[in-house]
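Participant: The structure under discussion is supplied below as structure tokens; questions concerning it will follow.
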Amino acid sequence: MSTVETEPPGKMEGDADFDLPAGELETQEGVAGAPLSSRRNKPYFKKFKEPDSDEEVADPRALFSVQDSWRTLMSLPSCQKVMVSDKVQKILKIEVGINVTQEFPWKQVQFKDLRDALFDELENSAELLKKFKNFNPDFYVLLGFCPLLTEQDDDPPEGDPFIFYSSIKESKMAMSIIQNMEHFDRWRMQRRLRKKPRRWVSHGTDEEMTILVERFKDEPIDVEIQSVYPIQMPRHIAFDYRMTKDVRDGVIELLPNENIKWDNVTKKRITVSVQSAPPKIDQEQQTNPTFPSNAWSQYLYEIDDEDLELDESEVDEEEEKRKAQAKPGTYVEPVKPPPEMSAQIEMLLNTLDFNQIDSYRDDYTLISNRQVVQYTNPYLQEFLCFANISKSNKRFVAGYDWYPTLSGLIAVSYAFSTQVTINEASNRVDYVQRAVLEPNPVLLWSFSDNLNYKLEFEAPIESTALTFCPFNGDILIGGCKNGQVILWDMQGRCEKLDEEEYLTAAQAKYRVMIGEFLNWTIDIEDNVVTPATMSMLETSPKGAITAFYWLARSIYLSPFGKVYNDPDTRVHHKFFVTCAFDGTISFWDLDGKGKGGKEKMRNKMLPKALTQNESPLKSLNIKPTYNLYFPEPLTGIIADTSCFSTLTPVSKLILANPSNYPIKTIAKDPPTMRQSMIVSTFYGHVSRIDWQGTYAEGEPTETINASIPFAMVHDGPVVMVKKNPFYPELFASIGRTILAIWKEDYNYSPIFWRKRACDLTAVAWSETRPAVLYLTRIDGILEAWDILARDDDACLTEILGGGIITGITEHRPSLPHKILGIGDYNSSIRMVKLPHTFDVPLPNELQKLMNYVLKEERRKVGIQAWEQKYYELNKDIIEAKREAEAETRKEMERLEREEQFATRKKGAKSGEEGAGGEEQTAKKPHSGLNYNERMAVLWDELNLNRMMTILMSRKQMDPEKLARETALEKERHAYEAAKKKSHSDVLARLEHDIAAIRSRILPAEISDMQRSEMIQQRVKREVENADTYEQVCKDSFEILESFEDFKPIDYIEFLERGRQRRRLLDQSLGGNTDRLRWYEDRVRLGELGECQFGYESVHNSQAEASSQQDLVVVASKSGSDIVAEADEFEG
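What the sequence shown shows, in the working numbering, is residues 3 to 1133, in sequence order.
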């Protein structure tokens, strides 16, 4: 059950037949001939096969019985019938009408969900738990909606009827029956939808064909006529058109079945403007009919000579059978003999064929000689899916490679995380438990069987990369997560995967007898391959292996890191290169030295029967020949490595076994190998590195300190780089959301780069077309790019699911279909058929691609030259700007460092202040303990240090190296903390800075405090010394009454005196006299009339007139009123 992939209900389709017990398979004749009672009791395991022609099928129920299939499904011993409530249906996602229907009733549910949700509501839950004893909770249980259980009940119980199976074997049997039922339903629906032409059945219309027909050529016949009547010569009759509406022969009416209900599909309105339209044709008929236009029969007959001969014996047997079946005493109507055919009818039947009108023929070639290009929308067609949930649950596809000598075989490794997956911080993982208990699956899948894997490779550690040896297909190499390299030797098992062993009766009996004697032995699985050898942990890289690359067979590497080209063509080397996540590039020799002589001697002393199945590579001591160390995590390299293509056999051999036919891998080796390569790093860099090699014996490791960087265009880690197999100088890189196409010898800028909507996960070049590459994204979308067609966007965008896609690989052989393998988030690798446009190369496509790349390179070189020229012309300005920016940056960094230093100093002081009390409290427990307890505490500290030292040594971690490698990370964390502290300080003093800026822009009025205090003191003193208001009023009235010359004083003179007193008071008290001074200056210069006070002259004249009237009126007032107004004015 665990090996069955979970699929939507009703869609369990498969071509594989399950092995059933002997005697359970029944042929059609056996089932039809058996008695009714025996047929009802026997299980129905018949496999449905489509008939070659619908004419042979009179009753489809004779081919397959759906009722017997349902009866067999419900009569299996492990079938459990339950009533499921609506609440449980929602929990298990099996709601009737939403998740399951009567048309698609089947669903697979995990046993743990079924147990937790359903068993508690059932009365026989204890019995069911016993039946599911030792059942894996992660396995799936086949569950089906079965309304037949309650359709006869008048008062059915609450809920909906369902059935499920508690046996894995019977679940597989049920799935085979379900597949046959679905196959029969699809065939029956197709048979109803499309009617095929059948043979002609005569119903008496042959007599209408004996009408007089004018013949142009007749054989001469001697006729002698004797009659008493006058001879009348027939008049000449000319042919005319004989329409189908005039006669009823030649009319074909195709009517659908009455039970079929048609759903009308309304065409959506398209508002897009049309730029072209076909020319209008005014002809009445644009196509020529497929039948002769001058014939009086509009269809052709197809009746062989054998059909014209009637078997009289069969007719007699049928007549006797009818008489025997008839009741005694009843009249049996004789069978009407077939009508006799005239010579004209026989000639017509011998010359014409029936019903050859092709309603689906393309008539465009018959009415036009001009070729028209037909455009269609390409799409991907999925036809296989490899998955084993029990082995690869909650894992991703990490490594994959195709078998080099047989088509349709792929090795896949699975891991919990890859370079492109995202691990949530909230997920707590016990890595020790995972490493000890969890398996590390590496499986070999075949196109011939998509349900079961063919081979399983044992691996002690997760494998992150895989590669087959192209020179020996039996060797599979895997790169582990800890940097080790595993080598498996299949010893020719792939050629024997589909072989079946046939034993005679005596051989089978002997094998059973031997098995009884050897029942104490351990059964060894034939499909498990153990590792032949494994690299030593001390000499292997310390990070996960990210990629494998093979060198040409004529190239070898010395232990000093020098690359040589062997002139001897008879010698073939097997060197490959790996790059690891710790920055190590290792060169490996597959023809390395073996193990010690003692091991070989021990194997020679053993019996041959014990060593015949051992791999000859078991004694191989595999270790790196030379290592290069780069200070950044590596994800891929581009070097002078080999590219591979395949040679397929003749089509006859392919059709014999289309899934696994033999192929030949051809290596495209470069002539030489430079001591230089391009590396991609997890830090988002693409750089070219060179190595020199060593000149002294010692550790074969060289550290790369200098590199030539390529342009920085990626906005994240560069997770993959791939070289074009047709144009090796061209390679593609993906980093975060950026796709970039590069040329090896041009690092100034990529040929082009494009930003995608989300993160990219994998890239692969086409194996048949030089200008096509494929991209996968983290949202489950596949993009196919054709650079020559368009380079701004993808030519094909296909949604393959809602989760991440971790890998993509193309099947090199193109026959019978071009296949693309895609590893998705469900730990399954899906095989899809590519459209024909991405399979067949265009004429001279490689040259067009090279011309495109060279044109873009020339354009970018011209841009680079223009930029250099612009820089030389404006060098002073550009350099001044750069220096100013550099100085500003340095000043900001200096200020930031000072702030950090001040913050640290302040924190250290506060820590020292509180450290005294803490140290005292920390020392108090030790001081209060006795001698034995203090020694126990010291022993625990020493033991902790010892364990840390042992752990560091076993992990091969040098403390100094660890401190050196983590220094950058610690510095980055300190920088981030200081940066956050600086931001918080800036936000804290933001209000103070804003107030300072405002004070600079709008300066505040600074008052003269000394003068103000003096004025206040003087006013205070004058107020204290002054008389009261009543006294002043009394004195003023006395003065006014005793004043004799008051009457002759003019009012204007009185106001002028008050104004002078006011001026003296203002000067003495320091009041604001700016406006008064401005007014006096305007009056003195005669410019008062030119000033704009905001009102018109008319109002001024009116105001002046009113003021004069007021003056006249005021002059006539009494002296007391004048004095009161003067006091108010002065106030």
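Beta carbons: idealized from backbone N, C-alpha and C, even for Gly.
Would you report the Cα separation of residue 580 and residue 476, rounded to the nearest angstrom?
Facilitator: The count along the sequence shown starts at 1 and reaches residue 580 at position 578. The count along the sequence shown starts at 1 and reaches residue 476 at position 474. Separation of residue 580 and residue 476 (C-alpha to C-alpha, rounded to the nearest whole angstrom) is 20 Å.
Participant: Which residues in the same chain as residue 148 place their Cβ atom closer than 6 Å to its Cβ, once the five residues preceding and following it in sequence are excluded?
Facilitator: The count along the sequence shown starts at 1 and reaches residue 148 at position 146. Closer than 6 Å at Cβ, skipping near neighbours: 163 and 165.
Participant: Is it right to say residue 723 is buried, meaning 16 or more other beta carbons lie within 10 angstroms of its own, or is it exposed?
Facilitator: To locate residue 723, count along the sequence shown from 1; it is residue 721. Result: buried.
Participant: Less than 8 Å between the beta carbons of residue 640 and residue 680, yes or no?
Facilitator: Residue 640 sits at position 638 when you count from the first residue of the sequence shown. Residue 680 sits at position 678 when you count from the first residue of the sequence shown. Going by C-beta atoms, residue 640 is nearer than 8 Å to residue 680.
Participant: Taking the alpha carbon of residue 773 as the reference point, which residue from 816, 725, 759 and 991 has its own alpha carbon closest?
Facilitator: The residue given as residue 773 occupies position 771 in the sequence shown. With distances taken between Cα atoms, residue 773 lies closest to 725.
Participant: Given a threshold of 16 other Cβ atoms within 10 Å of its Cβ, counted over all protein chains shown, does residue 1031 qualify as buried or as exposed?
Facilitator: Residue mapping note: residue 1031 aligns to position 1029 of the sequence shown, counting from 1. Label assigned to residue 1031: exposed.
Participant: Report the rounded CA-to-CA distance for residue 642 versus residue 783, giving the unit in angstroms.
Facilitator: Here residue 642 refers to the residue found at position 640 when the sequence shown is read from its first residue. Here residue 783 refers to the residue found at position 781 when the sequence shown is read from its first residue. Distance between the alpha carbons of residue 642 and residue 783 is about 32 Å.
Participant: Using a Cβ-Cβ cutoff of less than 7 Å, which residues in the same chain neighbour residue 945 once the five nearest sequence positions on both sides are dropped?
Facilitator: By 1-based counting over the sequence shown, the position of residue 945 is 943. If we look at residue 945 and ignore the five residues flanking it on each side, it has no Cβ neighbours.
Participant: Quickly, what does DSSP pair residue 683 with across the bridge? List them, please.
Facilitator: In the sequence shown, the residue the question calls residue 683 occupies position 681. Per DSSP, 636.
Participant: Would you check if the region 377-385 and the region 397-414 touch, i.e. whether three or more CB-CB distances between them fall below 8 Å?
Facilitator: no
Participant: Just the Cα atoms here: how many angstroms apart are residue 1111 and residue 1016?
Facilitator: As a working note, residue 1111 is residue 1109 in the sequence shown. As a working note, residue 1016 is residue 1014 in the sequence shown. Any reading at residue 1111 needs caution, since the residue's pLDDT is 42, under 50, leaving its predicted position unreliable; the model's value is listed next. In a straight line, the C-alpha of residue 1111 is about 44 Å away from that of residue 1016.
Participant: Leaving out five residues on either side along the sequence, give the residues of the same chain with a beta carbon under 8 Å from the beta carbon of residue 611.
Facilitator: For this step, residue 611 is matched to residue 609 along the sequence shown. Confidence at residue 611 is low in this model, with a pLDDT of 49, below 50, so the placement of that residue should be treated as unreliable; the coordinate-derived value is given next. Here the set comprises nothing.
Participant: Tell whether a beta-carbon distance below 8 Å holds between residue 629 and residue 656.
Facilitator: Here residue 629 corresponds to residue number 627 of the sequence shown, with the count starting at 1. Here residue 656 corresponds to residue number 654 of the sequence shown, with the count starting at 1. Judged by beta-carbon spacing, residue 656 lies beyond the 8 Å limit of residue 629, meaning their Cβ atoms are not closer than that value.
Participant: Measure the C-alpha to C-alpha separation of residue 983 and residue 458 and round it to an integer number of angstroms.
Facilitator: By 1-based counting over the sequence shown, the position of residue 983 is 981. By 1-based counting over the sequence shown, the position of residue 458 is 456. When rounded, the distance between both Cα atoms is 55 Å.
Participant: What's the call for residue 489, buried or exposed, on a 16-neighbour Cβ count within 10 Å?
Facilitator: Counting from one through the sequence shown, the residue named residue 489 turns up at place 487. It counts as buried.
Participant: Assign residue 573 to buried or exposed, taking buried as 16 or more other Cβ atoms, counted over all protein chains shown, within 10 Å of its Cβ.
Facilitator: Here residue 573 refers to the residue found at position 571 when the sequence shown is read from its first residue. It is exposed - the Cβ of residue 573 has fewer than 16 other Cβ atoms within 10 Å.
Participant: At the level of alpha carbons, what is the spacing between residue 173 and residue 771?
Facilitator: One-based indexing of the sequence shown puts residue 173 at position 171. One-based indexing of the sequence shown puts residue 771 at position 769. About 45 Å.
Participant: Please classify residue 703: does DSSP put it in a helix, a strand, or coil?
Facilitator: As a working mapping, residue 703 is identified with position 701 in the sequence shown. Strand at residue 703.
Participant: Report buried or exposed for residue 973, applying the criterion of at least 16 other Cβ atoms within 10 angstroms of its Cβ.
Facilitator: Your numbering for residue 973 matches position 971 in the sequence shown. That one is exposed.
Participant: Whose C-beta lies closer than 6 Å to the C-beta of residue 418 among residues of the same chain, with five residues either side of it excluded?
Facilitator: On the sequence shown, residue 418 is found 416 positions in, with the first residue counted as 1. Once the five neighbours on either side are set aside, the close Cβ partners of residue 418 are 397.
Participant: Tell me the DSSP secondary structure of residue 719 in three-state form.
Facilitator: Residue numbering aside, residue 719 sits at position 717 when the sequence shown is read from its first letter. Coil at residue 719, not helix or strand.
Participant: For a test of the three-state rule: what should DSSP assign to residue 536, helix, strand or coil?
Facilitator: The sequence position of residue 536 within the sequence shown is 534, counting from 1. In this structure, residue 536 counts as strand in the three-state DSSP scheme.
Participant: Just how far apart, CA to CA, sit residue 537 and residue 649?
Facilitator: Within the sequence shown, numbered from 1, the residue matching residue 537 stands at position 535. Within the sequence shown, numbered from 1, the residue matching residue 649 stands at position 647. Just so you know, the alpha carbons of residue 537 and residue 649 end up roughly 33 Å apart.
Participant: Reducing DSSP to helix, strand and coil, say where residue 1034 ends up.
Facilitator: For the purposes of this step, residue 1034 is taken as residue 1032 along the sequence shown, with counting starting at 1. In the structure shown, residue 1034 sits in a helix (DSSP, three-state: H, G or I).
Participant: What are the boundary residues of the alpha helix (DSSP H) that residue 999 is part of?
Facilitator: Counting from one through the sequence shown, the residue named residue 999 turns up at place 997. Residue 999 -> alpha helix (DSSP H) spans 992-1003.
Participant: Using a Cβ-Cβ cut-off of 6 Å (strictly less than) and excluding sequence neighbours within five positions of residue 754, which residues of its own chain qualify?
Facilitator: As a first step, residue 754 is located in the sequence shown; it is residue number 752 there, counting from the start. 743 and 793, listed in sequence order.
Participant: Run through the DSSP bridge pairs and tell me what residue 1140 is partnered with.
Facilitator: The displayed coordinates of the chain run from 3 to 1133. Any statement about residue 1140 would go beyond what the structure contains.
Participant: Compare the C-alpha of residue 140 against each of 1041, 114 and 119 and name the closest.
Facilitator: Start at 1 with the first residue of the sequence shown, and residue 140 comes out as number 138. Among 1041, 114 and 119, the Cα nearest to that of residue 140 is on 114.
Participant: Which residue or residues does DSSP assign as beta-bridge partners of residue 384?
Facilitator: One-based indexing of the sequence shown puts residue 384 at position 382. For residue 384, which the question treats as bridged, DSSP gives the partners 834.
Participant: Answer yes or no: do residue 496 and residue 576 have a C-beta to C-beta separation smaller than 8 Å?
Facilitator: Here the question's residue 496 lines up with position 494 in the sequence shown. Here the question's residue 576 lines up with position 574 in the sequence shown. Taking 8 Å as the Cβ cut-off, residue 496 and residue 576 do not qualify as a contacting pair.
Participant: Please list the terminal residues of the continuous beta strand (DSSP E) segment that includes residue 745.
Facilitator: Counting from 1 along the sequence shown, the entry for residue 745 is found at position 743. Per DSSP, residue 745 is one residue of the beta strand (DSSP E) stretching across 740-745.
Participant: With a threshold of 6 Å on Cβ separation, who are the neighbours of residue 404 within its own chain once the five nearest residues in sequence on each side are excluded?
Facilitator: Reading the sequence shown from its first residue, position 402 is the one you call residue 404. Counting only Cβ-Cβ distances below 6 Å, and skipping sequence neighbours, we find 412.
Participant: Work out the CA separation of residue 1021 and residue 1033 for me, nearest whole Å.
Facilitator: Residue mapping note: residue 1033 aligns to position 1031 of the sequence shown, counting from 1. Residue mapping note: residue 1021 aligns to position 1019 of the sequence shown, counting from 1. The straight-line gap from Cα to Cα measures roughly 19 Å.
Participant: Residue range of the alpha helix (DSSP H) that residue 85 falls in?
Facilitator: What you label residue 85 is simply residue 83 of the sequence shown in a count that begins at 1. It is not in any alpha helix (DSSP H) - residue 85 instead sits in the beta strand (DSSP E) that spans 81-86.
Participant: Quick one, which of 751, 787 and 760 has its alpha-carbon nearest residue 767's?
Facilitator: Looking up residue 767 in the sequence shown gives position 765. Ranking the options by Cα distance to residue 767, first place goes to 787.
Participant: Just curious, the beta strand (DSSP E) that residue 754 is in, first and last residue?
Facilitator: Walking along the sequence shown from the start, residue 754 turns up at place 752. Here the beta strand (DSSP E) through residue 754 covers 754-757.
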